[in-house]
Amino acid sequence: MTATTLTRLTDVRDGGRLLRFALRIDAAGSGALGLLGLAAAAPLADLTGMTAGELVGTGAFLVGYALVLVLLAARPVIPRAGAWTVVVGNTLWVLGSVGAVVAGRDALTAFGVALVLVQAAAVAVFVELQWLGLRRAR
Numbered sequence: 015m016t017a018t019t020l021t022r023l024t025d026v027r028d029g030g031r032l033l034r035f036a037l038r039i040d041a042a043g044s045g046a047l048g049l050l051g052l053a054a055a056a057p058l059a060d061l062t063g064m065t066a067g068e069l070v071g072t073g074a075f076l077v078g079y080a081l082v083l084v085l086l087a088a089r090p091v092i093p094r095a096g097a098w099t100v101v102v103g104n105t106l107w108v109l110g111s112v113g114a115v116v117a118g119r120d121a122l123t124a125f126g127v128a129l130v131l132v133q134a135a136a137v138a139v140f141v142e143l144q145w146l147g148l149r150r151a152r
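Going by this note's numbering, the sequence shown opens with residue 15, and the numbers climb by one from there.
This is the structure we're talking about:
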């Protein structure tokens, strides 16, 4: 993609529609993964190499995070500081996820590594959509 094309993409104004969509899709994905972690911690622990406690803790965090995203997306005007906090938090989540795999966390199975990397890639897409949504909402 050329710089001109990127400039055209970010110069489009959409009144916050893309940002709202990006927050909602992030909420749906985070909530679904969180509920899965809460509901199936024991079987997922065997498949991933994570402990059931880690999966329950992460699941509870993700469900709470999803609720915050739903509330943020429901605001008539999404506060830029709140949206930027989500972008930074998601970026840190991606870096932490990849870092855990690169650091060679011994307990992770091949399926666990794949799960961590796939969810990190999905969150990276959310970051990109949210960043673009912030640019368009100016």
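We put the CB at the ideal spot given by N, CA and C, even for glycine. None of these values were measured; they are calculated from a predicted model.
> For R38, which residues from the same chain have a beta carbon less than 8 Å from its beta carbon, with the 5 sequence-adjacent residues on both sides left out?
Replying inline: The residues L83, V84 and A87, in chain order, have a CB closer than 8 Å to that of R38 in the same chain once the five nearest residues on each side in sequence are set aside.
> Would you say V70 and L49 are within 9 Å of each other, going by their C-beta atoms?
Replying inline: Inclusion of V70 and L49 in the CB contact set at 9 Å is not warranted, their separation being larger than that value.
> When you compare only the Cα positions, how much space is there between Y79 and G43?
Replying inline: Going from the Cα of Y79 to the Cα of G43 covers about 11 Å.
>> Quick check on the burial criterion: 16 or more other C-beta atoms within 10 angstroms. Buried or exposed for W107?
In response: Classification of W107: buried, given that the 10 Å Cβ count is 16 or more.
>> Is L61 near the ligand NAD - that is, is its Cβ less than 8 Å away from at least one heavy atom of it?
In response: Because no ligand of any kind appears in the structure shown, any question about the ligand NAD cannot be addressed here.
> Straight-line CA distance for L52 to G73?
Replying inline: In a straight line, the C-alpha of L52 is about 5 Å away from that of G73.
> What are the start and end residues of the alpha helix (DSSP H) that includes R152?
Replying inline: Unbroken run through R152: none, as it is neither H nor E.
> Would you report the Cα separation of A121 and G63, rounded to the nearest angstrom?
Replying inline: Computed Cα separation, rounded: 5 Å.
> Roughly how many angstroms separate the alpha carbons of A97 and G118, rounded to a whole number?
Replying inline: In this model, A97 and G118 are separated by some 32 Å (Cα to Cα).
> How long is the line joining the alpha carbons of S111 and V100, rounded to whole angstroms?
Replying inline: Separation of S111 and V100 (C-alpha to C-alpha, rounded to the nearest whole angstrom) is 16 Å.
>> Once DSSP output is grouped into helix, strand and coil, what is the label at I92?
In response: Judged by DSSP in its simplified three-state form, I92 adopts coil rather than helix or strand.
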